[in-house]
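Colleague: Just dropping this structure here.
2 protein chains.
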Amino acid sequence: MEQYQEQLNGIFHALADPTRRAVIGRLGKGPASISDLAKPFDMALPSFMKHIHLLEDSGLIRTAKQGRVRTCVIEKKQFAAVETWLDAQRAIWEGRTDRLEKFVTAIQEQEDIK
Amino acid sequence: MEQYQEQLNGIFHALADPTRRAVIGRLGKGPASISDLAKPFDMALPSFMKHIHLLEDSGLIRTAKQGRVRTCVIEKKQFAAVETWLDAQRAIWEGRTDRLEKFVTAIQEQEDIK
Chain A
1 MEQYQEQLNG
11 IFHALADPTR
21 RAVIGRLGKG
31 PASISDLAKP
41 FDMALPSFMK
51 HIHLLEDSGL
61 IRTAKQGRVR
71 TCVIEKKQFA
81 AVETWLDAQR
91 AIWEGRTDRL
101 EKFVTAIQEQ
111 EDIK
Chain B
1 MEQYQEQLNG
11 IFHALADPTR
21 RAVIGRLGKG
31 PASISDLAKP
41 FDMALPSFMK
51 HIHLLEDSGL
61 IRTAKQGRVR
71 TCVIEKKQFA
81 AVETWLDAQR
91 AIWEGRTDRL
101 EKFVTAIQEQ
111 EDIK
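Chains as they are written, first to last, in UniProt numbering: chain A, 1 to 114; chain B, 1 to 114.
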């Protein structure tokens, strides 16, 4: 459960910035190089790289270097953690605690396996 | 659009903390006083109040004082902003840009009315 909480901390923190959300939006269309991603932003490269590193740390994107070019790719499956959390909230609102219990058990079992 | 971005900044920032997510989870079951909400946390009241203020600023909860007791209530409709953003990402992934354009137009019209 602890690991899931830390994953959510990282994801929500990553999404709490308009530049990072714009990068996510751009990468949703397909992979892109850092220099292409940086173009629309009026920002020094080191500042932009901080956003990229934070997105990478959150697991929402992956990056890979080929020669001189570092390419970024969106990691769609990481968004499932947010959807699972929202689903859990909705389950609480609707009193569907049986479903919530299953969800908590599933998370715990997942972490027991790790 | 600017206002929607600021709303998302506030919401995602509010959700990037396990104490604040736990408070949201508790309030999903029904309204609660600050002192009841604070009980499960090993935290000084001023620190806990910072979390409450941040949640209130994000619009995810409302608080109201009756006599000496301040009661907190979840603001479920605020979560729709997160769902809308996630839907927009999915629309990009699936190339449903027509739907995305409608979404952007709807957001802009909403803000023109304000």
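Note that beta-carbon positions come from the ideal geometry of N, C-alpha and C, so glycine has one too. Note that the structure is predicted; figures quoted are calculated from it, not measured.
Who pairs with I74(A) in a beta bridge, going by DSSP?
Modeller: As a position in the first sequence, residue 74(A) is number 74, starting the count at 1. DSSP lists I61(A) as partners of I74(A).
Colleague: Give the residues of chain B in contact with H13(A), contact being defined as C-beta atoms less than 7 Å apart.
Modeller: On the first sequence, position 13 is the one that residue 13(A) refers to. The contacting residues are A16.
Colleague: Among the candidates I92(B), V23(B), E6(B), whose CA atom is the shortest distance from the CA of L55(B)?
Modeller: Along the second sequence, read from residue 1 onward, the residue named residue 55(B) stands at position 55. Checking every option, the nearest Cα to that of L55(B) belongs to V23(B).
Colleague: Name the one or two DSSP bridge partners that V69(B) has.
Modeller: Numbered from its first residue, the second sequence carries residue 69(B) at position 69. Note: V69(B) sits in a beta bridge opposite Q66(B).
Colleague: Does A44(B) come out as helix, strand or coil in the three-state DSSP assignment?
Modeller: As a working note, residue 44(B) is residue 44 in the second sequence. Here A44(B) sits in coil by DSSP.
Colleague: Given this structure, state the Cα-to-Cα distance separating I92(B) from T19(A), to the nearest angstrom.
Modeller: Translated into positions along the second sequence, residue 92(B) becomes position 92. Translated into positions along the first sequence, residue 19(A) becomes position 19. Taking the straight line joining both Cα atoms gives about 17 Å.
Colleague: In or out: A38(A) buried (at least 16 other Cβ within 10 Å) or exposed?
Modeller: As a position in the first sequence, residue 38(A) is number 38, starting the count at 1. By the neighbour-count rule (16 or more Cβ atoms within 10 Å), A38(A) is buried.
Colleague: First and last residue of the alpha helix (DSSP H) that includes D87(A)?
Modeller: For the purposes of this step, residue 87(A) is taken as the residue at position 87 of the first sequence. From DSSP, the alpha helix (DSSP H) with D87(A) extends over 80 to 93.
Colleague: Looking at the secondary structure, which residues open and close the alpha helix (DSSP H) in which G28(A) lies?
Modeller: In the first sequence, the residue the question calls residue 28(A) occupies position 28. Run containing G28(A): none; DSSP gives neither H nor E here.
Colleague: Return the residue from the list M49(A), G25(A), E2(A) that minimises the CA-CA distance to G95(B).
Modeller: Position 95 of the second sequence, counted from the first residue, corresponds to residue 95(B). The residue with the shortest Cα to Cα distance from G95(B) is G25(A).
Colleague: Tell me which residue opens and which closes the alpha helix (DSSP H) that A38(A) is part of.
Modeller: Residue numbering aside, residue 38(A) sits at position 38 when the first sequence is read from its first letter. Its alpha helix (DSSP H) spans residues 34 to 38.
Colleague: Quick one: what's got a C-beta closer than 7 Å to P31(A)'s C-beta in the same chain, skipping five residues either side?
Modeller: Residue mapping note: residue 31(A) aligns to position 31 of the first sequence, counting from 1. Correct list, in chain order: T71, C72, V73.
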